[in-house]
Amino acid sequence: MPLPKAELHLHIEGTLEPELAFALAARNGVPLPYAHTDELRKAYQFDDLQSFLNLYYELMAVLRTEQDFEDLANAYLPRAAAQGVRHAEIFFDPQAHIARGVAMGTVVEGLWRALGRSTENHGVSTQLIMCFLRDESAESALETLEAAKPYLDRIIGIGLDSAEVGHPPAKFREVYEAAAALGLRRVAHAGEEGPPEYITEALDVLGVERIDHGLRCMEDDALVERLVRERVPLTLCPLSNVRLRAVDVLAEHPLPAMLDAGLLCTVNSDDPAYFGGYVADNFHAVRDALGLDQERMRELARNSFVASFLEHDEERRAR
Ligand code: ADE
Ligand code: ZN
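Using full-length UniProt numbering, read the sequence shown as starting at 1 and increasing by one per residue.
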């Protein structure tokens, strides 16, 4: 039995498995530059974040209708349940769909057709976090927040993702302030490829409650001390870090040092269809490569609920 856990760093578009991508491409008449799923899988060799993002955005072009987004979420949920996930806070990237002419409502309503019944159907409670693409403009992020206003009963918070280097968090101060005023929770990717300063900026300028990745905090002792003192959760994604070459091999992942430093670390899957595993696969991979004992594994599972946006009595029920 996998440990019960919460998944806090998962891009729903990153759960698009090749088989579903081909099925949706056929259903929607979207051409794919790959002859079959094996050929597509062979393209899953990445040099860095950008090389992954190029394929990720290309493939998500098959998502067009509410039914497609419902099917995408319905494919993820049983996999998550089988991996011990009791609660998932799920990212989505509306700008990537709006750019292709797919409306915000199509994305949110479609996802919600599956997520709105996830507890009853799969034993997994779910929440949605809307991410802004940091390589798009601050104006575009503000327009996206405006477009999301009719759907805010379905969206718990906002995040910041896509190409990190050269797009510091402060660019998005205004939209984070507007989101805070609307009562939305705030997270941001920082310190995946970008420098430790981006983590500090996400905390100080954007007021985030969690850092997605945060790997590069380890380059700055004072920042580590602060993250420990303020109990800022980090949503680490070890298999992603290896596939995107943030670390050379899993055996060199800083997770044990991060836990020893007292950081509130969680382990997550990021884009599991692309990176070779869902969340329990990430747990098993770090256990095996880094020699984490059962107590450490339980700590990681416990941290996932502590770091979640569940209220405490909801958290107890999910566990
Ligand atoms: N979008 C999807 N996965 C991402 C990642 N690992 N980093 C930044 N943006 C992303
Ligand atoms: Zn991510």
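The beta-carbon is built from N, C-alpha and C at its ideal position, and this holds for glycine as well.
field: Same chain, Cβ closer than 6 angstroms to C237, neighbours up to 5 away in sequence not counted
entry: The beta carbon of C237 is closer than 6 angstroms to those of H9, N268 and D270 in its chain, skipping five residues each way along the sequence.
query: Would a C-beta distance cut-off of 8 angstroms place A318 and P2 closer than the cut-off?
result: Going by C-beta atoms, A318 is not nearer than 8 angstroms to P2.
- prompt: Quick one: what's got a C-beta closer than 7 angstroms to Y44's C-beta in the same chain, skipping five residues either side?
  reply: Annotation for Y44: Y274 place their beta carbon closer than 7 angstroms to its own, counting only its chain and skipping 5 residues before and after.
- prompt: Heavy atom of the ligand ZN less than 7 angstroms from the Cβ of D47, yes or no?
  reply: No, the beta carbon of D47 sits no closer than 7 angstroms to any heavy atom of the ligand ZN.
- prompt: Among A23, G157 and A61, which one has its Cα closest to the Cα of E209?
  reply: By alpha-carbon distance to E209, the top candidate from A23, G157 and A61 is G157.
query: Is S125 helix, strand or coil when you go by DSSP?
result: DSSP places S125 within a strand segment (E or B) once states are collapsed to three.
- prompt: For the candidate residues K171, L40 and A61, whose alpha-carbon lies nearest to that of D93?
  reply: Closest option to D93, Cα to Cα, is A61.
message: Run through the DSSP bridge pairs and tell me what C265 is partnered with.
response: According to DSSP, which records beta bridges pairwise, C265 is partnered with L234.
query: Are L63 and L115 close, meaning C-beta to C-beta below 8 angstroms?
result: For L63 and L115, no; Cβs fall outside 8 angstroms.
query: Would you say E143 touches the ligand ADE, meaning its beta carbon is less than 7 angstroms from a heavy atom?
result: It does not: the Cβ of E143 is nowhere closer than 7 angstroms to a heavy atom of the ligand ADE.
- prompt: Between the C-alpha atoms of R173 and R79, what's the straight-line distance to the nearest angstrom?
  reply: Between R173 and R79, the C-alpha separation is close to 36 angstroms.
query: Based on Cα-Cα distance, which residue from Y56, R245, V306 and D48 lies nearest to L32?
result: Comparing Cα-Cα distances from L32 to each of Y56, R245, V306 and D48, the minimum goes to Y56.
message: Given a cut-off of 8 angstroms on the beta-carbon distance, is the pair L77 and S140 in contact?
response: The answer is no: Cβ separation not under 8 angstroms.
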